[in-house]
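Notes to accompany the following structure.
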Amino acid sequence: MKGVNPLVRFSVERYVLALGLFAAVLLFGYLATRSLGVDLLPSVNVPTVVVSVQYPGASPATVDRQVTQLLENALSRLGGIAQLSSTSSLGQSRVVVSFSPGTDPRQAASQVAAQVAALRGLPSGVSTPTVQTFDPNAQPILEFGLYAPGKPLEEVYRYAEDQLLPLLEQVSGVANVALTGGPEKGVDIFLDPSRLAFFGLSVQQVSQAVAGAALQSPIGSLTRSGTTLSLSTRTVPKSAEDVAAILVDPQRGIRVGDLGQVQVRNEVESYVRVNGQPAVLVSLQQASGSNALAVADGVRRLLQDLRLPEGYQVVFSNDTTLVIRAAVERTYKELFLTAGVVAAVVLLFLGRLNTAFTVILAIPISLAAAPILYSLLGFTFNLVSLLALIVAIGIVVDDSIVVAENVERYRAQGLGQMEAVLKGASEVFSAVAAASLSVLSVVIPVSFVEGFAGRYVQQFALGLAAAVAMSWLEALLFLTVRMAYTPDAPAKTWASAWREFLDLGRALRFGLTAWRRGLGLLGGLALALFLLRQGGMYLPLLLLYPFLLALGEYLVRTLLAFLEALTLILHLRTEALLEKTRAAYAQSLPWVLRHNGSVLLFSLALFLIVALAVFPRIPFSFVPRYDTGYLRAGLRLSSEASLNRTNELVARLENFFLAQPEVETVQLTVNQGQANLVLGLKPFGERPDAFTLLARYQTQARALYAETPEARVVFFGGGGPGGPGGGGSLNVALASAGQELLQERLEQAVAILQDDPYLLGVDIQGQNRLELNFIPDAARLAGTGLTPNQVVSTLQAFLQGTQAGQVELEGLTYPIRLRVDPTYVGDVQALLSLPLYSPSLGTNLAIGQLGHLVPEEVPSSIQRQNRLYVATLSLSPAPSAPPAAVLLAHVEERLRAAGVLDERVALTEAGAFGQARLARELSGQGLGLFALAFFMAYLVMAAQFNTFRYPLYLLLPVPLALAGALLLLYLAGASLDIFGILGFLLLIGLSAKNAILYLDFVQDRLGRMPLEEALVEAARLRFRPILMTTLTILVIGLPLLLGHGAGAEFGRNLGLVVLGGVFTSALLTFFVVPAAFYRYERVRVGGEAFKAEAT
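Per the numbering used here, residue 220 is the first one in the sequence shown, and the count goes up by one each step.
Take a look at the structure:
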């Protein structure tokens, strides 16, 4: 047979090879699906390196000036830095270097370490800088409270530490387990200053004596007579009595116990409560690349199987996998729903169960390619990669529909089954290849985009590309095999279906013969083994096996018969309606061709109106706000507030949330001056959305502290983990070169933003505090034998204490803390009266004789960002607030109008990868991505048709698709996020596919008929497959648009873009492409010039 494509002929003739190849694809796709990890969103690797330096006793200002700025100056020379931020607090400097996504983490850490090692000029007394890598994604995925009413918390903590923690660390996928809420244990040495003065000893001498007596270190090894012995020293005290017996002055026999009291420390530095019960909080982090759901399930199984001590209870108070599980399950439902709707569309248009099943089989085969690629590239199943599969469902059947429809057309003309397959598939081979390449040319190039957006685009684009490429191969190399060797049975009518229903004898004959052959015999043996295991008395039931086979055959046969009859009826009605529509379209097309100028002007006007009037009104965001099922709140007091005072005040807030009907769990962590709560909400269908609750709770919770001005209630939003921004608070920063000016403008900014309608609250991160600055007097120190550093170190030891060694209690090692007895430093005067021994004078001097205290109001910490001083504000958006980028612009406009912002003070988003920052980056990259995709599609089509003119016609529907998508986004009040951008990129390939199918037939007929007749004939023949492919693509948008529940927000904008764009492009493709082609190609006489160029 002439004109048969050799690849089509090869696959049909070597059908065993085709069957084996595609069966392997299904198998490996299944295995890859089972092995892939599961996350909410793609994990973006942002290499982050933290440099920490201790400067004991130094104020935040001193740390900033003498340490932090030196580190910043050295580290700012490194390349690839996304942000350089620092925090200078009391006695500590912390510099965080965030590199651009894609930077090698090891190389980044080594570069930072090299710069720090080469740094010179740090003051004496600072510790050696430590360089550590930090993973921003390493947040706990699961937290639960362990408590036992009526039992000491120390006992619960010891059980969790000794028995539960080792078991949890063995769960597959668990990277780290942390415990919070237990008492801090150790040994305290409370020194008596009067005894130190009496014996003429210093705190440093006591510390050195304790450290020297508490040694635990390897020494080396000794080889003797061929045997190697290891040497070490271990003189760690075993009890508080051993510590008290340590000699400080051997000549005089003075021991630690002679200088004060020694006692075991068992104090609480933080409180943890879960649902009002004192508890130990257990936090678990997952290993990189592991399946979060599998990790959480493993932990839950362990706790279920574990026999906890009597009275012990476990309450899961923060489970981030719940939203992941709900979102993934919802996405799977949308996946199957979309596949079902696509199958129904195919059935209606093709009308035969076998042919429809042959086409629908393309879905699992094509989709199997995506998880295989995900596995090879180290991706996970997440909302982005699963969205790619949902979108792919409507696309991958397109190629099979086009091939199957053309084969059926030749069958209807009387060709034999094999001949119709070879001729029909070969005729559309080039069109199917061009249509698939048009999609691939769009999605593959944009997968190389870098940054945060690139990581999202990459997983979507490559997953879709794998499925589309496999669908093309499947349609031409495997669909043809199925259609060639699986003929359709005779069409079933209602009469024949009823005959099948009444034909019980056929079923009985099948049952009586099938049990003795093949699969029937194997089934009988399996049933016999099963009955034997249940007991020999059930074996007689095996006699019913043939009748069970008969019943099964009867039910399947009759159901298929009625389904075939119903399908045929619906297909005939669909065909009748389709034929009327096609006839009307074919009759209207000549009018369109005669008025081609008006049609093109109308299309151009529509595009310009939308581009100029609608597009500027659509805001950008990176990802939509999403409901995680958790809210986060907190109480903020001054840094001087005690732990007990903080605990007392936060009890009001805790009780308020415990009484709310929408709240299931309340997790509370109390520290000195601040408390944080995690509120677990009821399932999504049993409550309002988190943002509505957030607005309500804010007003009610803040009213609780109306008469307690020092307490501030803060909320952190309803968005959650796994992505940048996700719906939580928006952190902004005022930046300036001068710290004093910054503090002044900060107070003005807070006053202005407090009553903003888009904000529920404004929280200042880092408040000023009153500090007593001790200034040593150099003149008084002269001749005493004391240095300023010795005086400051002694004060630090008196007040804060210092770690002097280690003690072993009950087999575990704990620190020994050395400090002055708190009863001797009850106030400032008592502190200044403490004695300090002068070695030169041989007498004791009061601290107040060596310096004086100056009260100052200083920041509790000094923050800098990119070498500018910053003050951070946490803004809680109201439910009606616009996306983060628009909200940030609104805040900036208000502050600039009020004079808060000028050339000396600027506003920026805190954090290197905040929601607003990423949205601005996306808006800048979006046009570039679209231009790149458009250009690549043009080049591929030009190469396919061997002309630079044809791609202009093929891509003509793209601007019209953009107009439809933008208009629907605007009418729906939606923003344009990363998922909407993906939809726009996809529209380039989807819009061009229909035009390719149409113009490929026009080209084929131009040599045999005039241009106008060729356009009308191609429109008549291609109307049906174009309508089918359009409907299958449109249905993928409906589940995305109508979905609700966890994670439904992510696919909504993509659904709007696909629905609006594909509908508009398909509608206008039927008229605009023929009009444009006719207007500009009719000047070529008889189409000969066109034909020569195209060939």
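Quick reminder that beta carbons are idealized off the backbone N, C-alpha and C, glycines included.
What you are looking at is a predicted structure, and each value in this text was computed from that prediction instead of being measured.
Next item on the list: Just mark Asn-292 as buried or exposed, buried being the case when its beta carbon has 16 or more other beta carbons within 10 Å.
Entry: exposed
Note to self: Just to confirm my understanding: we take Thr-349, look at its own chain, exclude 5 residues before and 5 after, and list those with CB closer than 8 Å. What are they?
What the structure shows: Val-270, Ser-271, Val-272
Check: So Ala-587 packs on Leu-245, CB below 8 Å; how close in whole Å?
Finding: That pair is a contact at about 5 Å.
Check: Within the chosen definition, does the segment 565-576 reach the segment 661-672 through at least 3 CB pairs nearer than 8 Å?
Finding: no
Notebook entry, point to check: Nearest-angstrom Cα distance between Ala-803 and Ile-1245?
Noted result: 16 Å
Check: Who pairs with Phe-993 in a beta bridge, going by DSSP?
Finding: Leu-1072
Item checked: Rounded straight-line distance, which links the Cα of Leu-740 to that of Gly-762 -> Before going further, note that residue 762 is Leu rather than Gly in the sequence given. Near 13 Å, if we compare the C-alpha coordinates of Leu-740 and Leu-762.
Checklist line | Ranges of the alpha helix (DSSP H) found wholly within the segment 496-548, counting only runs of at least 4 | finding: Within the segment 496-548, the complete alpha helix (DSSP H) runs of at least 4 residues are 511-524.
Next item on the list: Just the C-alpha distance for Ala-654 and Ala-694, rounded to the nearest angstrom, thanks.
Entry: 12 Å
Check: So, using beta-carbon positions, are Asn-510 and Gly-392 closer together than 8 Å?
Finding: yes
Checklist line | Entirely enclosed beta strand (DSSP E) segments - the segment 265-323, minimum 3 residues | finding: 267-273, 300-308, 311-318
Next item on the list: Have a look at Phe-781, Ala-1267, Gly-405 and flag the residue whose alpha-carbon is nearest the alpha-carbon of Glu-1027.
Entry: Comparing Cα positions, the closest option is Gly-405.
Note to self: Counting C-beta neighbours from all protein chains within 10 Å, is the total for Lys-711 16 or more, i.e. buried, or is it exposed?
What the structure shows: buried
Margin query: According to DSSP, simplified to helix, strand and coil, what is Glu-1122?
Written below: coil
Note to self: Checking the sheet assignment: what are the DSSP bridge partners for Val-829?
What the structure shows: Val-829 is not bridged by DSSP to any residue.
Notebook entry, point to check: Are Ala-459 and Gln-427 touching if we call contact CB-CB under 8 Å?
Noted result: Contact: no.
Check: By the 10 Å Cβ neighbour count, where 16 or more other Cβ atoms means buried, how is Lys-642 classified, buried or exposed?
Finding: buried
Notebook entry, point to check: Taking the alpha carbon of Phe-417 as the point to measure from, which residue in Pro-590, Leu-1055, Leu-767 has its own alpha carbon closest?
Noted result: Leu-1055
Next item on the list: Answer yes or no: do Arg-183 and Arg-1036 have a C-beta to C-beta separation smaller than 8 Å?
Entry: As displayed, the chain neither begins before 220 nor continues past 1314, which places residue 183 out of reach and without an answer.
Check: What's the gap between the Cα of Tyr-1043 and the Cα of Asp-461?
Finding: 25 Å
Notebook entry, point to check: For Thr-550, which residues from the same chain have a beta carbon less than 6 Å from its beta carbon, with the 5 sequence-adjacent residues on both sides left out?
Noted result: These residues qualify, in order along the chain: Leu-605.
Check: Leaving out five residues before and five after Tyr-764 in sequence, what residues of the same chain have Cβ atoms less than 7 Å from its Cβ?
Finding: Trp-734, Gly-743, Leu-746
Next item on the list: Could you tell me the boundaries of the beta strand (DSSP E) in which Ala-394 lies?
Entry: Element bounds for Ala-394: 393-399.
Check: Pro-706 and Gln-636: beta carbons closer than 8 Å?
Finding: yes
Item checked: C-alpha gap between Ala-1180 and Pro-907, whole angstroms -> C-alpha separation (whole angstroms): 36 Å.
Item checked: Contact check, Leu-500 vs Leu-260, beta carbons under 8 Å -> Result no, Cβ atoms of Leu-500 and Leu-260 do not sit closer than 8 Å.
Check: Alpha carbon to alpha carbon, what distance is there between Val-616 and Ile-1327?
Finding: Residue 1327 lies beyond the stretch modelled for the chain, which goes from 220 to 1314, so this question has no answer here.
Margin query: Give the list of continuous beta strand (DSSP E) stretches no shorter than 3 residues that lie fully inside the segment 334-397.
Written below: 349-353, 361-366
Notebook entry, point to check: Would Met-865 pass as a contact of Gly-892 if the rule is Cβ separation under 8 Å?
Noted result: Per the sequence shown, residue 865 should be read as Thr rather than Met. Cβ atoms of Thr-865 and Gly-892: closer than 8 Å.
Next item on the list: Along the alpha helix (DSSP H) that carries Val-481, what are the first and last residues, could you check?
Entry: Per DSSP, Val-481 belongs to no alpha helix (DSSP H); it is in the beta strand (DSSP E), 479-486.
Margin query: Considering just the uninterrupted stretch of the beta strand (DSSP E) at Lys-799, what are its terminal residues?
Written below: That residue, Lys-799, is in no beta strand (DSSP E); its alpha helix (DSSP H) goes 764-813.
Check: Assuming Ala-1237 and Val-951 make a contact with CB atoms under 8 Å, what is their CB distance in whole Å?
Finding: That pair is no contact at about 57 Å.
Next item on the list: Please classify Phe-667: does DSSP put it in a helix, a strand, or coil?
Entry: Coil at Phe-667, not helix or strand.
Next item on the list: Specify whether the segment 316-327 and the segment 281-289 touch according to this definition: at least 3 beta carbon pairs, one from each stretch, less than 8 Å apart.
Entry: no
Next item on the list: Mind checking which residues open and close the beta strand (DSSP E) that includes Asp-468?
Entry: Judged by DSSP secondary structure, Asp-468 falls within the beta strand (DSSP E) whose first and last residues are 466-468.
Item checked: Among Arg-1301, Phe-875, Thr-1062, Ala-558, the one whose alpha carbon lies nearest that of Gly-1002 -> Thr-1062
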